[in-house]
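Residues in the sequence shown are numbered consecutively from 183, following the UniProt record's numbering. To start, the structure itself, in structure tokens.
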Amino acid sequence: DGPKPLAGKKAVVTSGPTHEPIDPVRYIANRSSGKQGHAIAAELARAGADVTLVSGPVNLPDPVGVNVVRVETARDMLASVQAQMPADIAIFAAAVADWRVKDQAGQKIKKTGDGALPVLQFAENPDILATISQSSPTRPALVVGFAAETENVVEHARAKRARKGCDWILANNVAPDTGTFGGEDNEIHLIAGNDTTGDEVWPRQSKVAVARTLVARIARHFDT
Ligand code: C5P
């Protein structure tokens, strides 16, 4: 079973959505299958890394050879990621909910019968990618985030890289005509710096192939 270019490296990967409870039976969430994050965790493990996958609720089997930590909320996801530090590589593929419901109801919210509607207040969730990118002294040597954009993909993603403080952004065009959401294929633009010097465009390929391309790029990064 193949070469192990990432032997001795510890990696943490986030995947899937987070669920933010409204009450004991309801939640808000983003759409996310977890396919990309799970595929990346599997490929890192195949390359010899010691991998922990911190995953929100998904309908996917645990990747072979990966330590899987299951979480529900963004705050739990952040705590589980932090518990894995220090790590060499951190890859944030989860579709984290930007907001959680501020005052979760302890009991199921009932319909009142007089047509009065519940009003939800929101609080901002932590940004896991930004928090880990800007952490010290345990910041991983390589922090990778994703950007899903519908227009000006490269410019928006480069600005996101600077704002969050990560090393690489894998930018993805999710304009409605591309079929990316829930689909199998991704066209990725790798942004690795403030200017275009380190940029790469990866041809349209499956999420598993994207994971392989990324892990090969990571192996080269640590090799040089
Ligand atoms: O800001 P935006 O959600 O577009 O950024 C996407 C990137 O940031 C992804 O890598 C995602 O996993 C990460 N992220 C995060 N925590 C959040 C929001 C996004 O780790 N609360």
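All residues carry an ideal CB built from backbone N, CA and C; glycine is no exception.
The continuous beta strand (DSSP E) containing Ser237 extends over residues Asp232 to Ser237. Put simply, the backbone Cα of Val278 is about 5 Å away from that of Thr200. The DSSP assignment places 232-237, 249-252, 271-274 and 281-283 as complete runs of the beta strand (DSSP E) inside the stretch 226-298, in order along the chain (cut-off: 3 residues).
In the same chain as Val335, and ignoring 5 residues on each side of it, the C-beta atoms closer than 7 Å to its own belong to Ala353, Asn355 and His371, in chain order. The DSSP-derived three-state label of Glu337 is helix. Nearest to Ile373 by C-alpha distance, out of Leu396, Ser237 and Pro300, is Leu396. The Cβ atoms of Ile310 and Ala193 lie no closer than 8 Å to each other. Ile204 is a Cβ neighbour of Ala287, given a cutoff of 8 Å. Sequence-distant Cβ neighbours of Arg257 in its own chain, meaning closer than 8 Å and more than five residues away, are Arg282, Asn307 and Pro308. Using a Cβ distance threshold of 8 Å, Ala323 and Gly347 do not count as a contacting pair.
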